[in-house]
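Peer 1: Numbering (this note's numbering), first residue to last: 12 to 148.
Take a look at the following structure, please.
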């Protein structure tokens, strides 16, 4: 796919903490949603090539929800990873240390159900939520 979308956030924390908070299911459930009216009640993460990632995302009122799943294609511990979703879309996440801050860059193939800007805004909102959670904990 050619129209890849990239979202970026700079987190005021070291790369080890940022990696841990981004990949550990105990933390994923605390930040993996774009809006406060949503939640991520469960997540699992097998961080190895061929390993599976899964997260349940749903509206707190129960009106809508879905399971986000992916399989890892590449994992470089503490630096980056790439995964493929069941529909063939790919995403990559890179962690770049800048002193006591870490830049997190997420690049993904958009789906064809929603406008590109809406997808970019949604993924950016989730990343911003991750930044806020990581900096406050």
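Every residue gets a Cβ at the ideal spot worked out from N, C-alpha and C, and that includes glycine.
Taking the runs of the alpha helix (DSSP H) that are 4 residues or longer, which of them lie wholly in the segment 14 to 86?
Peer 2: Entirely contained in the segment 14 to 86, the alpha helix (DSSP H) runs reaching 4 residues are, in chain order, 26 to 34 and 36 to 42.
Peer 1: For the putative contact between residue 95 and residue 106, defined by C-beta atoms under 8 angstroms, what is the C-beta separation to the nearest angstrom?
Peer 2: So it is not a contact: roughly 20 angstroms between Cβ atoms.
Peer 1: For residue 145 versus residue 17, is the C-beta distance shorter than 8 angstroms?
Peer 2: No, these two residues do not count as a Cβ contact at 8 angstroms.
Peer 1: So what does DSSP say about residue 111, is it helix, strand or coil?
Peer 2: The answer is coil: DSSP assigns residue 111 none of H, G, I, E or B.
Peer 1: Quick check: the Cα distance between residue 78 and residue 67, rounded to an integer number of angstroms?
Peer 2: For residue 78 and residue 67, the distance between alpha carbons rounds to 4 angstroms.
Peer 1: Identify the residues that DSSP records as bridge partners of residue 119: which are they?
Peer 2: Bridge partners of residue 119: 16 and 102.
Peer 1: For residue 75, which residues in the same chain have their Cβ closer than 8 angstroms to its Cβ, ignoring the five residues on either side in sequence?
Peer 2: Same-chain partners within the cutoff: 69.
Peer 1: With DSSP collapsed to three states, give me the class of residue 148.
Peer 2: If DSSP states are grouped into helix, strand and coil, residue 148 belongs with coil.
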